[in-house]
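Colleague: I have a structure I would like to understand better, so I am pasting it below and will then ask my questions one at a time.
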Amino acid sequence: MFALLRHAYKKRPRCSAALRGETRAVTVNSEALRRLSTKSFNVPPSAEFLARVSGICTMGKLPFQDSAEGLDAAFVGVPIDTGTSNRPGARFGPRQIRAESAMLRRYNGSTKAAPYEALMVADIGDVNVNVYDLKDTCKRIREAFSKIVAAGCIPLTMGGDHTIAYPILQAVAEKHGPVGLVHVDAHADTSDVVLGEKIGHGTPFRRCVEEGLLDCKRVVQIGLRGTSYTPDAYKWNRERGFRVVEADNCWHKSLTPLMAEVRQQMGEGPVYLSFDIDALDPAFAPGTGTPEIAGLTPIQGLEIIRGCRGLNLVGCDLVEVSPPYDTTGNTALLAANLLFEMMCVLPKMKYY
Ligand SMILES: [Mn+2]
Numbered sequence: 000m001f002a003l004l005r006h007a008y009k010k011r012p013r014c015s016a017a018l019r020g021e022t023r024a025v026t027v028n029s030e031a032l033r034r035l036s037t038k039s040f041n042v043p044p045s046a047e048f049l050a051r052v053s054g055i056c057t058m059g060k061l062p063f064q065d066s067a068e069g070l071d072a073a074f075v076g077v078p079i080d081t082g083t084s085n086r087p088g089a090r091f092g093p094r095q096i097r098a099e100s101a102m103l104r105r106y107n108g109s110t111k112a113a114p115y116e117a118l119m120v121a122d123i124g125d126v127n128v129n130v131y132d133l134k135d136t137c138k139r140i141r142e143a144f145s146k147i148v149a150a151g152c153i154p155l156t157m158g159g160d161h162t163i164a165y166p167i168l169q170a171v172a173e174k175h176g177p178v179g180l181v182h183v184d185a186h187a188d189t190s191d192v193v194l195g196e197k198i199g200h201g202t203p204f205r206r207c208v209e210e211g212l213l214d215c216k217r218v219v220q221i222g223l224r225g226t227s228y229t230p231d232a233y234k235w236n237r238e239r240g241f242r243v244v245e246a247d248n249c250w251h252k253s254l255t256p257l258m259a260e261v262r263q264q265m266g267e268g269p270v271y272l273s274f275d276i277d278a279l280d281p282a283f284a285p286g287t288g289t290p291e292i293a294g295l296t297p298i299q300g301l302e303i304i305r306g307c308r309g310l311n312l313v314g315c316d317l318v319e320v321s322p323p324y325d326t327t328g329n330t331a332l333l334a335a336n337l338l339f340e341m342m343c344v345l346p347k348m349k350y351y
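FYI, in numbering that gives the first Met the number 0 the residues of the sequence shown are 0 to 351.
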């Protein structure tokens, strides 16, 4: 069995004929093709030759490797829910997203993106978090992501609750300087102190602003909604220079025109994309910790991510999937597809 798996995960040459020929063709002369190719990329096995339910459970059935060395982008899990304020369970997010990602194929049929012909991508496993100590976990996340970005690799992160965006952005800004932020969420996540604590899933972007990690004129928050403790819940954000696009300004319309404006706002500088699954309506994504009614649709989620094409993306995350609250797995299936779409808009992507 291991011989089969090694074969199925074998790096393929950058050769469209070999890709079209699938496994059987590659076995014939893979070494010869590799010698002819200047660069090769990881390509997940096709379900035509390796059953979806077979193999090791990695994101998108990509190979696993234990560091970001040599990668253009990496899927990485951060399995915590220590920062959640209501329903827990997001610590199980990365595992269920990986399980549901077995449905992902190689190409984006809609946008014609060919991620495995443009980027070297792998699953690098999970950050070794401390589920008993959120501050220690933040330190571990920052250290792990410092290594990822130092390797020149773009992290595609599977949460975990939204607390993780703070130490990730510490690591990202350490390399790139203050970044633009496309933040898709039902909540602003800019609370100051909750129950006396500065660190939690409602405070990450407040901490980021305080530490100068964000280029505040290049921050957009999309999908915000729900009841609040003050009449103008997003005043602090707008005063910082953020653009706030509340959910009711997204209802009944395509977000493609909005994203043209967002690309103008972001310009050429580095941008981080942070996508909280609760931005989407709980009818589509019930498996999450703090659901709010009347959210975005999956179609609007795709329009936002596809609208990030052309941006200088330096990192992306998909957070707050809580599998115990959606036993169908559909929330995680949605998350896996959104992460695939994020990969498909990274710089240097190839499109047919
Ligand atoms: Mn959030």
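Each residue gets a CB set at the ideal place from its N, CA and C atoms; glycine is no exception.
Of all the options PRO256, ALA334, THR110, which has the alpha carbon lying nearest to the alpha carbon of ALA396?
Modeller: Because the chain in this structure spans residues 0 to 351, residue 396 falls outside the shown range and cannot be described.
Colleague: According to DSSP, what are the bridge partners of CYS315?
Modeller: Partner(s): LEU155, LEU272.
Colleague: Flag this pair as yes or no: are the beta carbons of MET119 and LEU49 separated by less than 8 Å?
Modeller: In this structure, LEU49 does not lie closer than 8 Å to MET119 by Cβ.
Colleague: Excluding the 5 residues flanking SER273 on each side, which residues of the same chain have their C-beta closer than 6 Å to its C-beta?
Modeller: The answer, listed in chain order, is ALA164, HIS182, ASP316.
Colleague: Let me make sure I understand the geometry here. Which of LEU345, ILE221, ASP184 has the alpha-carbon closest to that of GLY309?
Modeller: Per the Cα distances, LEU345.
Colleague: Taking the alpha-carbon of SER84 as reference, which of LYS197, LEU213, LEU212, GLY151 has the nearest alpha-carbon?
Modeller: It is LYS197.
Colleague: Quick check: does the Cβ of GLU245 come within less than 7 Å of any heavy atom belonging to ligand 1?
Modeller: Checking every heavy atom of ligand 1 against the Cβ of GLU245, none is found closer than 7 Å.
Colleague: Leaving out the 5 sequence neighbours to the left and right, which residues in its chain are closer than 6 Å to THR296 when beta-carbon positions are compared?
Modeller: Excluding residues within five positions, none has a Cβ falling inside 6 Å.
Colleague: Look up ALA164 in the DSSP assignment and say whether it is helix, strand or coil.
Modeller: In the structure shown, ALA164 sits in a helix (DSSP, three-state: H, G or I).
Colleague: Among the candidates VAL243, ASP65, ASP80, ARG242, whose CA atom is the shortest distance from the CA of ASP125?
Modeller: Checking every option, the nearest Cα to that of ASP125 belongs to ASP65.
Colleague: Which residues have their C-beta within less than 7 Å of a heavy atom of ligand 1, listed in chain order?
Modeller: Listed by chain position, these are HIS161, ASP184, HIS186, ASP188, HIS200, ASP275, ASP277, VAL318, GLU319.
Colleague: In chain order, what are the residue ranges of uninterrupted beta strand (DSSP E) at least 3 long that sit wholly in the region 41-79?
Modeller: Runs found: 72-77.
Colleague: Check whether the region 276-295 touches the region 218-238, taking contact to mean three or more Cβ pairs, one atom from each stretch, closer than 8 Å.
Modeller: Output reads yes: the region 218-238 touches the region 276-295.
Colleague: How many Å lie between GLY288 and CYS307 at the Cα?
Modeller: Between GLY288 and CYS307, the C-alpha separation is close to 26 Å.
Colleague: Which stretch, first to last residue, makes up the beta strand (DSSP E) that contains ALA116?
Modeller: Position check: residue 116 holds Glu in this sequence, whereas Ala was assumed. From DSSP, GLU116 is part of no beta strand (DSSP E); its letter is neither H nor E.
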